[in-house]
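Heads up, the sequence shown is in this note's numbering, so the first residue is 28 and it goes up one at a time.
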Amino acid sequence: EEEEEGGRRQAGLAAARAVADRTFTWGLLTGVLLGAGQVAALPWLVPLFTPLAEVQAAVRAPALVAAALHVANGPLFAGEGCLLGLQRFRALAAITGLGLAVMLACLASPLGATLHGVLLSIAAFNVTEALVLVYHHVRLGPLRRRGRGGGGRLLGG
28 EEEEEGGRRQ
38 AGLAAARAVA
48 DRTFTWGLLT
58 GVLLGAGQVA
68 ALPWLVPLFT
78 PLAEVQAAVR
88 APALVAAALH
98 VANGPLFAGE
108 GCLLGLQRFR
118 ALAAITGLGL
128 AVMLACLASP
138 LGATLHGVLL
148 SIAAFNVTEA
158 LVLVYHHVRL
168 GPLRRRGRGG
178 GGRLLGG
């Protein structure tokens, strides 16, 4: 009976891992599509807000940074959702704190003196958090792939 319970547990972990992997994949795909759509729509969107050519030119770089953020935000939100679902609040808080430290360091530098720099600081936060969330999912979290006989606690520490 203990062996049967272990088999069910492994099957449950595999199913949860498959759902989490799909969530990350869909998050990334959605982010890429949203970012590409935003870049493609810029020639039509920007003139809706201003007729001034100088302002339209000035908004291009921040708009591209904002579009690129979608790519990072896809896996970021998927990772946050997975950690919340797994009740890994401490890990999520630590990862968010690391991203915040990176963003504050960028804002405290000369980068934080311009609108473009502020957007890049936000991008640094999002990219840092997304990369660490993906790393946590693949290497550290309870749904990571393990070698032979590997187990792991789904909700425990």
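A virtual CB, placed ideally from N, CA and C, is assigned to each residue, including glycine.
In this text the structure is predicted, and so the values were computed from the model without any measurement.
Please report the straight-line C-alpha distance between residue i and residue j, rounded to a whole angstrom.
| i | j | result |
| --- | --- | --- |
| G24 | A47 | Nothing can be reported for residue 24, as the shown portion of the chain is limited to 28 through 184. |
| E81 | L75 | 14 Å |
| G154 | E29 | Residue identity check: residue 154 is Val in the sequence provided, not Gly. Near 43 Å, if we compare the C-alpha coordinates of E29 and V154. |
| R171 | R115 | 14 Å |
| A132 | P89 | 20 Å |
| V159 | L79 | 41 Å |
| A150 | G34 | 42 Å |
| G139 | L147 | 9 Å |
Spatial neighbours of residue i within its chain, please: CB distance less than 8 Å, with the 5 preceding and 5 following residues excluded, ordered by chain position.
| i | result |
| --- | --- |
| R87 | L69 and V73 |
Can you find the residues in the same chain that come closer than 6 Å, C-beta to C-beta, to residue i, ignoring five residues on each side of it along the sequence?
| i | result |
| --- | --- |
| P102 | F51, G54, L55, A157 and V161 |
| T57 | G101 |
| G108 | none |
| H97 | G58, L61 and G62 |
So, is the C-beta of residue i closer than 9 Å to a C-beta in chain C?
| i | result |
| --- | --- |
| L131 | In the structure shown, chain C does not exist; there is a single protein chain. |
Are the CB atoms of residue i and residue j nearer to each other than 9 Å?
| i | j | result |
| --- | --- | --- |
| H143 | G106 | no |
| G168 | A120 | no |
Are three or more beta carbon pairs between the stretch 62-80 and the stretch 114-126 nearer than 8 Å?
In the pairwise beta carbon analysis, the stretch 62-80 is classified as not touching the stretch 114-126: fewer than three pairs are separated by under 8 Å.
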